[in-house]
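The numbering of the sequence shown is this note's numbering, which starts it at 4 and goes up by one. Accompanying notes for the structure given below.
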Amino acid sequence: MRLLLVEDEKKLAAFIKKGLEKKCGHAVDVIHDGEEGLLYGGAVDYDLIILDIMLPRKDGLTVLRELRSKGVKTPILLLTAKATIESKVEGLDSGSDDYLTKPFDLRELVSRVNVLLRRNSVDQPVQLTIADLTLDPVKRIARRGDQTLGLTAREFSLLEYLMRKKGHALSRSQIMDHVWSGEFEGSSNIVDVYIKYLRAKVDKPGMAKLIHTVWGVGYRLGESDEG
Numbered sequence: 004m005r006l007l008l009v010e011d012e013k014k015l016a017a018f019i020k021k022g023l024e025k026k027c028g029h030a031v032d033v034i035h036d037g038e039e040g041l042l043y044g045g046a047v048d049y050d051l052i053i054l055d056i057m058l059p060r061k062d063g064l065t066v067l068r069e070l071r072s073k074g075v076k077t078p079i080l081l082l083t084a085k086a087t088i089e090s091k092v093e094g095l096d097s098g099s100d101d102y103l104t105k106p107f108d109l110r111e112l113v114s115r116v117n118v119l120l121r122r123n124s125v126d127q128p129v130q131l132t133i134a135d136l137t138l139d140p141v142k143r144i145a146r147r148g149d150q151t152l153g154l155t156a157r158e159f160s161l162l163e164y165l166m167r168k169k170g171h172a173l174s175r176s177q178i179m180d181h182v183w184s185g186e187f188e189g190s191s192n193i194v195d196v197y198i199k200y201l202r203a204k205v206d207k208p209g210m211a212k213l214i215h216t217v218w219g220v221g222y223r224l225g226e227s228d229e230g
């Protein structure tokens, strides 16, 4: 899953990002001001947005209202130091899906994030299936036939992205933007490395090939190598 975190406290943002990526395997983009948060939230198809209220340039409630007015339906979790009932009601009435006050325990944040992601998955297939390859994004289990694939968090995110884009030829830069979310600034060869890892687990000898190289473009997941 790809998440957007809009939080101006950089140490807190780094803590949240590390926790969500390590505990859940999510890719997390971090933005530190409201204007840029509004830009990213409206332009990128995120699975969830975590939005602080007290932000520079544009406050979180304004960002929230503008995103909803633009038709953005992404689940949004508000973070704030204000614990009053009035503040919570204002946030929820402005279009947020949940509200968490600071300071908070990371375990509670992770739990609330997972609840919102599960709730949002009701409108999406619970299980992704291509041939005999299946992936459950909520339970975070992938199988080829009757065999469970032992995937790392990054491999799981890569496979999920390829399956959601079934049949599409994806460039290395597209894959890096979604799976690595700008956190890796090195060569795009990292994509080739992880595709190799994934193929070793998904396309074992004797199995029908599902991960295909599209020369001059990147990679595609599907039941044949016909583009």
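Ideal placement from N, C-alpha and C gives every residue a C-beta, glycine not left out.
Alpha-carbon spacing of residue i relative to residue j, whole angstroms
| i | j | result |
| --- | --- | --- |
| Gly230 | Ala172 | Model confidence at Gly230 stands at a pLDDT of 47, short of 50, so the residue's coordinates are unreliable; what they give is reported in the following sentence. Using only the alpha carbons, I get a separation of about 8 Å. |
| Leu54 | Met210 | 44 Å |
| Asp36 | Arg71 | 18 Å |
| Arg146 | Lys204 | 10 Å |
| Leu67 | Asp96 | 10 Å |
| Trp218 | Asp206 | 19 Å |
| Gly74 | Pro208 | 46 Å |
| Gly22 | Ala134 | 34 Å |
| Ala213 | Lys199 | The identity of residue 213 in the sequence shown is Leu, whereas the question assumes Ala. Computed Cα separation, rounded: 13 Å. |
| Glu226 | Gly170 | 9 Å |
| Leu109 | Thr137 | 30 Å |
| Cys27 | Val113 | 8 Å |
| Gly94 | Phe107 | 17 Å |
| Leu162 | Lys85 | 39 Å |
| Glu158 | Tyr197 | 7 Å |
Bridge-paired residues (DSSP) for residue i
| i | result |
| --- | --- |
| Val33 | Leu8 |
| His181 | In DSSP, His181 forms no bridge with anything. |
| Gly221 | Ser174 and Val217 |
| Gln150 | Arg147 |
| Asp206 | Answer is none; Asp206 lacks a bridge partner. |
| Ile79 | Ile52 |
| Thr87 | DSSP output for Thr87 lists no bridge partner at all. |
Contact check, residue i vs residue j, beta carbons under 9 Å
| i | j | result |
| --- | --- | --- |
| Leu6 | Ile34 | no |
| Tyr164 | Val141 | no |
| Ala30 | Ser160 | yes |
| Gln150 | Asp139 | no |
| Met4 | Leu80 | no |
| Leu41 | Glu12 | no |
| Val9 | Gly44 | yes |
| Thr87 | Gly63 | no |
| Arg143 | Pro78 | no |
| Leu154 | Leu201 | yes |
Closest Cα partner of residue i within the set the options
| i | options | result |
| --- | --- | --- |
| Leu58 | Tyr49, Gly74, Asp50 and Glu39 | Glu39 |
| Glu89 | Asp139, Gly221 and Tyr102 | Tyr102 |
| Ser174 | Ile19, Leu136, Ile193 and Glu24 | Ile193 |
| Gly221 | Asp149, Lys25, Lys26 and Gln177 | Gln177 |
| Asp32 | Lys212, Leu120 and Met179 | Met179 |
| Glu24 | Lys212, Ala156 and Ile198 | Ala156 |
| Ser99 | Pro106, Lys91 and Lys168 | Lys91 |
| Lys104 | Lys76, Asp62, Thr132 and Ile56 | The amino acid occupying residue 104 in the given sequence is Thr; Lys does not appear at that position. It is Ile56. |
| Pro116 | Lys20, His215 and Val47 | One detail in the question is off: residue 116 reads as Val in this sequence, not Pro. It is Lys20 whose Cα lies nearest to the Cα of Val116. |
| Tyr49 | Lys76, Asp195 and Lys14 | Lys76 |
Reduced DSSP secondary structure (H/G/I, E/B, other) of residue i
| i | result |
| --- | --- |
| Gly230 | Reliability of the predicted coordinates at Gly230 is poor, the pLDDT of 47 falling under 50, and the value obtained from them is presented with this limitation in mind. In the structure shown, Gly230 sits in coil (DSSP, three-state: anything other than H, G, I, E or B). |
| Asp50 | coil |
| Thr65 | helix |
| Ile133 | strand |
| Asp96 | helix |
| Leu138 | strand |
| Leu112 | helix |
| Leu201 | helix |
| Leu41 | helix |
| Leu162 | helix |
| Leu103 | strand |
| Gly22 | helix |
| Lys13 | helix |
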